[in-house]
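Asker: Using the numbering used here, you'd call the opening residue of the sequence shown number 67 and step up by one each time. The beta-carbon is built from N, C-alpha and C at its ideal position, and this holds for glycine as well.
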Amino acid sequence: MPHPHRSSLHAASYALEDRIPGRKIGQSQGKAWKEAEAQIFRRPQHENEVLVPAVAEPLLVWIISGEAQIEERELILRAITFDLYEPIF
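#1: Spell out the partners DSSP gives Gly92 in its beta bridges.
#2: Return the chain-ordered list of same chain residues with a C-beta closer than 6 angstroms to the C-beta of Arg109, the five sequence neighbours on each side being excluded.
#3: Of all the options Glu103, Glu133 and Gln111, which has the alpha carbon lying nearest to the alpha carbon of Tyr80?
#4: If we ignore side chains and look at the alpha-carbon of each, how far apart do Val116 and Gln105 end up?
In structure tokens, the structure reads:
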């Protein structure tokens with residue numbers, strides 16, 4: 067669902083919200099956020115694969131517990147893989 071009332075600065079984050087499964091539990095608001103956008107989502111505990119649309123803005127991933135494998139596409143179509151594991155304290 068498009069969000070025509072939002073500026074193009076925030077368009078990418080709302081596009082991700084429309085395409086990636088999960089429930090939004092937090093959203094940046096107010097004057098302090100006029101040049102940045104932050105959203106926090108609660109995602110399913112188990113997902114086989116999620117394809118994120120390519121955008122110029124960074125997508126930060128915070129894994130509270132468990133494991134994740136994140137692959138980043140480069141412009142030359144080579145994939146970079148990061149394996150994230152739950153820290154042992």
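Answerer: Judging by the given coordinates:
#1: Ile106
#2: Closer than 6 angstroms at the Cβ level, and outside the excluded window around Arg109, lie Gly88.
#3: Closest by alpha carbon: Glu103.
#4: The alpha-carbon separation between Val116 and Gln105 amounts to approximately 17 angstroms.
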